[in-house]
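Heads up: the structure comes next, in structure tokens.
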Amino acid sequence: MTELPKTFDPAEIESRWYAHWESSGQFRPDRPGAEPWTIVNPPPNVTGSLHIGHALDNTLQDVLVRHARLKGKDALWVVGTDHAGIATQMVVERQMAEHQQKRTDFSRDEFVEKVWDWKRESGGEITQQLRRLGCSMDWANERFTMDEGFSKAVLKVFVDLYNQKLIYRDKRLVNWDPGLGTAISDLEVETKEVKGSFWQIRYPLADGSGSITVATTRPETMLADMAVAVHPDDERYKAMIGKQVKLPITGRLIPVIADEHADPSLGTGAVKITPGHDFNDFEVGKRAGFKAGEMLNMLDAKAQVAQTSDGLVPDDLLGIDRFWARKQVVERLKAGGFLVPFVDKEGVEHDAEPRTIQTPYGDRSGDVIEPWLTDQWYVDAETLAKGPIEAVQSGAIKIVPKSWEKTFFNWMENIQPWCVSRQLWWGHRIPAWFGPVKDGADKLTENPNDPAGRKVFVALSEDEAVALAREYYGQDWAVGTSDADPWQAPEGMTHESTYGEGALKSVVLHQDPDVLDTWFSSALWPFATMGWPEETDPKLHGRYPNDVLISGFDILFFWDARMMMQGMHFMGDVPFRTLYLHGLVRAADGQKMSKSKGNVVNPLGLIDRYGADALRFFMAAMESQGRDIKMDEKRVEGYRNFATKLWNAARFCQANGIGASQTLEPPAASLAVNKWIIGETIQTVQAVDLALADYRFDGAANAIYQFAWSRFCDWYLELVKGAIDDETKAVAGWVLDQILVMLHPFMPFVTEELWSKLGEREYDLIVAKWPMADARAIDPEAGKEIDWLIRLVSDVRSSRTELNVPPGAILPFSHANASDETHARLERHVASLNRLARIRPQLDPPDTASGAGIQIVVDEATFVLPLEGVIDLDAERARLAKAIAAAEKERDGLASRLGNPSFVQRANPEAVLKARSDFEEKSAEAERLAAALARLG
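This note's numbering puts the first residue of the sequence shown at 1233, with every later residue one more than the last.
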């Protein structure tokens, strides 16, 4: 046994123990024949740093991993990072800009090598931060979504899906980020409220019979309008359906069509349809018979005005920015008499109605996102979604909380094609090569602007693509490859490599310059990290399916659902048996954390102040299924105090000869207090096991917290103080060990330190054995007796406090109506009652209780503590009556406020919650004081 220091220092303990665990291989102990248990960590961006959401997500995972390891399972926590295409490329380009360099100053290969250099030097900061949190990950097998093995899996999945006609190239609308020059996912779009305008524009009918007025927040897009939609039942416009309008500025003739997308109650009821620049309009356009290739596009990749395919955009508007174009279009409409003015309440005319508009921004570039019609690669998500839907319906995948199932089904059953191409250089380059189309034996045709005008060869490598091409073109053709952009037709093209040099004719293949969406690669995480496709065992040696996935609900569709799709398609089974979705960590006032609001909490700062154990315990204790967590630094501090209390309890044990237990099973016990604490320990093990099995992290954390703090520290150690015999030493040491083991998944550092200092051990706590919850060790009679003692002491203590009885005063104690069993208990616990409650029971004569004093009822017996001469009874009655009146006045005032519908409905929700909390507090205070007054008789 090594004596513990007086002061608990989390920082020193944490750094020392983590280094020991990792260097000694404790995160993945050798356990041949043990039951496999597997979880994969959502791979954080290689550019990332630990935020409070990571702290929650990884704490919950580590709780489960450490619990499984203590249960004797071969627990594997897969760790790695995501190559984060957009984020990483931005970081490197910013660094280059500091040296007056641009990406385009280099070849693609040179730039990619620069990114790898950055990754080797600076990437992975977050992995060190995860270590500070205490995450027991399998670092020896850390993965990266662009490492060699994983990249092979990504390419195979793409090629296989293409060959199965589940990946295809198509022209559709995407979220286009003009600042980054790439399509982005919905997750990378941040919607902000922006003060904007709502214009009304009069479109004249081509036959001169009148006009129709449309409303828009983006008048510049009228340059690519293709229709005006009205509701088929709108009587105002029925006669116009089928007619044409002549657009101002362009003069384009477009039809008036009937579509239920137009809402008669909104605006004018007539909607301008720009299918190439609005997601809703795209669907309307398809229903109206417009093919995607026919839809007009008026913007280029930089969101500057471009000529439409019909050539009707005025030349002087070409090349200008979209927002400048908006001003120009409005001016021309106004000058032409096509702008319908907005009249305010004072009768003043304005060009437009001011409105707050929900505007999409790129979360990284900060640019307004443009719906843009472009050719991209898509996955047939509808087909792949069928398996996951059935798996959740059948229970093969259990979603916790179950309330998320409805959201899951709603999205999956209405799923859209998944755009998986990105216009970047960093990432998995799409394994597709384009060449001309054969048009006869010796004639080839090629149209870079038309997807159908190029032949595509999808293969795992360039060599395989060339082999496919030679098979397609014939042996008379030499096949070469070039890195030139396949969507251009460069002059003087040079071949980087040529195959079939002896042939008479040559053809050149160009690889698609785009890369795959990072979500495409991370969707393979549950099985590609296990050696697939080289590893052919369908169960991956018991690692697939994974046991559970812990995820934030915000990536349910972007990652979780896609893992289900890919896993079930390629592995023939679900990727995980259980999907646990946790909420967000919000600011203390319930608002979402954001840098702009200045309410972001740095988890590393909390670790510096309170230790990782305190932060972890806060996260687990506050994680309640289906609810977000409100950040509360005071609670984190409170859990640091909990660790300190446990530290001091261990020091007390050491000082009294209590050390490491020598047995896994409970020691033999004859004393009621020892039988009681053994039973309490077993019940706590049962509660923690049950809670973790149900993913009730808060229930598990609070069960061990209440047992360690209240039952063990506050009661058991106090009850045995001064009477610690060999039996008690053995029991106390065993109970303390069980506490350390149960608490270890939540607070790994302090528990490991205490475990090591309490005596010689055969193994570290991280690989110890989980307690056995043997109900046969519970003694109900001992439990009832000590519970009676605790209630009696607690009531006496609270009564003394309420009535201002001097702490040092030892009061005589009489009773009435006590049973024989109560008499026996009083005799057995005289010393404890004297020491803990400062009372001296009067055992003779029995069943007498008279005189003014404190009256306490416990079970069948009434106990009286006479107060004559101890306190001024009249003054105490007056004080209590005054305090009761004050508490009741505040209670009634709060009740009046809460009974006012105007306050409840209009006040800030936080103010209403506080009023309810204060009402409950004052009501309880009034009841407590009234009970104290009643006890005086």
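Each residue gets a CB set at the ideal place from its N, CA and C atoms; glycine is no exception.
What is the C-beta distance between residue i and residue j, in whole angstroms, given that I count them as a contact (C-beta under 8 Å)?
i	j	result
K1403	D1548	Going by Cβ atoms, the distance from K1403 to D1548 rounds to 29 Å, so no, they are not a contact pair.
N1277	T1313	7 Å
V1561	G1551	Actually they do not touch by this definition, with Cβ atoms about 15 Å apart.
G1508	N1529	5 Å
Y1250	G1366	7 Å
I1284	M1825	7 Å
E2108	L2161	Their Cβ separation, rounded to whole angstroms, is 11 Å, which puts E2108 and L2161 out of contact at 8 Å.
S1201	L1813	In this structure the chain extends from 1233 to 2169, so residue 1201 is not present and cannot be described.
H1660	S1383	6 Å
W1556	F1343	With 8 Å as the limit, W1556 and F1343 do not qualify as a contact, their Cβ atoms being about 32 Å apart.
Check whether the Cβ atoms of residue i and residue j sit closer than 8 Å, and answer yes or no.
i	j	result
K1504	V1460	yes
I2086	L2165	no
N1290	L1362	yes
T1895	M1974	no
D1370	V1311	yes
R2123	T1761	no
P1777	F1808	yes
E2142	D1821	yes
L1419	F1790	yes
T2054	A2014	no
W1665	Q1743	yes
V1739	L1700	no
L1296	P1835	no
R1818	M1863	yes
A1901	E1959	yes
I1647	L1748	no
L1302	K1989	no
V2090	D2011	no
W1431	A1447	yes
P1898	I1910	yes
A1932	A1923	yes
P1620	M1797	yes
A1846	R1872	yes
A1253	I1998	Note on residue identity: the sequence assigns Trp, not Ala, to residue 1253. Going by C-beta atoms, W1253 is nearer than 8 Å to I1998.
R1654	A1319	no
F1640	L1788	yes
H1463	P1436	no
R2057	W2020	yes
T1449	S1417	no
Across which residues does DSSP place residue i in a beta bridge pair?
i	result
Y1593	E1422, V1600
I2086	L2097
G1784	H1814
I1358	In the DSSP output, where bridge partners are listed per residue, I1358 has none listed.
F1574	H1582
F1430	E1585
W1269	A1307
R1401	W1609
Q1489	Contrary to the premise, residue 1489 reads as Ile rather than Gln in this sequence. DSSP, once it has assigned bridges, lists A1461 as partnering I1489.
N1778	F1808
G1312	R1375
W1408	A1415, E1602
Nearest chain B C-beta to residue i closer than 8 Å, yes or no?
i	result
F1850	Absence of chain B from the displayed structure is noted, only one protein chain being present.
Output the residue ranges of the alpha helix (DSSP H) runs that lie fully inside the region 1624-1710 and measure 4 residues or longer, sorted by chain position.
Unbroken alpha helix (DSSP H) stretches of 4 residues or longer found wholly inside the region 1624-1710: 1636-1644, 1694-1705, given in chain order.
Taking only runs that begin and end inside the region 1983-2059, name each unbroken alpha helix (DSSP H) of 4 or more residues, in chain order.
DSSP assignment within the region 1983-2059 yields the following whole alpha helix (DSSP H) runs of 4 residues or more, N-terminal first: 2012-2034.
Segment contact, 8 Å Cβ cut-off, at least three pairs: the region 1385-1402 with the region 1603-1617:
Taking a cut-off of 8 Å for Cβ pairs, the region 1385-1402 and the region 1603-1617 touch, as three or more such pairs fall below it.
Go through the region 1278-1307 residue by residue and report every complete run of the alpha helix (DSSP H) that reaches 4 residues or more, in order.
The qualifying runs are 1284-1302.
Touching or not, the region 1446-1458 and the region 1481-1495, by the rule of three or more beta carbon pairs under 8 Å?
These segments touch.
Under 8 Å: do the region 1964-1973 and the region 1903-1914 share three or more Cβ pairs, one atom per stretch?
The region 1964-1973 vs the region 1903-1914: in contact.
Is the region 1295-1309 touching the region 1255-1268, taking contact as three or more C-beta pairs under 8 Å?
The region 1295-1309 vs the region 1255-1268: in contact.
Quick test of the definition: if touching needs 3 or more C-beta pairs under 8 Å, does the region 1512-1521 touch the region 1380-1394?
A contact between stretches requires three or more CB pairs, one per stretch, nearer than 8 Å, and the region 1512-1521 fails this requirement with the region 1380-1394.
Take every Cβ of the region 2056-2067, pair it with every Cβ of the region 2103-2123, and state whether three or more of those distances are shorter than 8 Å.
Under the 8 Å Cβ criterion, the region 2056-2067 does not count as touching the region 2103-2123, having fewer than three qualifying pairs.
Is the region 1884-1900 close to the region 1839-1847, with three or more CB pairs under 8 Å?
With the cut-off at 8 Å, the region 1884-1900 and the region 1839-1847 do not touch.
Counting Cβ pairs closer than 8 Å, one from the region 1376-1386 and one from the region 1253-1262, do we hit at least three?
Three or more beta-carbon pairs separated by less than 8 Å are not found between the region 1376-1386 and the region 1253-1262, which leaves the two stretches without contact.
When you compare the region 1344-1360 with the region 1313-1324, are there three or more beta-carbon pairs, one atom per stretch, that lie closer than 8 Å?
Yes, they touch.
Hey, which unbroken runs of the alpha helix (DSSP H) at 4 residues or more fall wholly within the region 1853-1905?
As far as the region 1853-1905 is concerned, its whole alpha helix (DSSP H) runs of at least 4 residues are 1865-1887.
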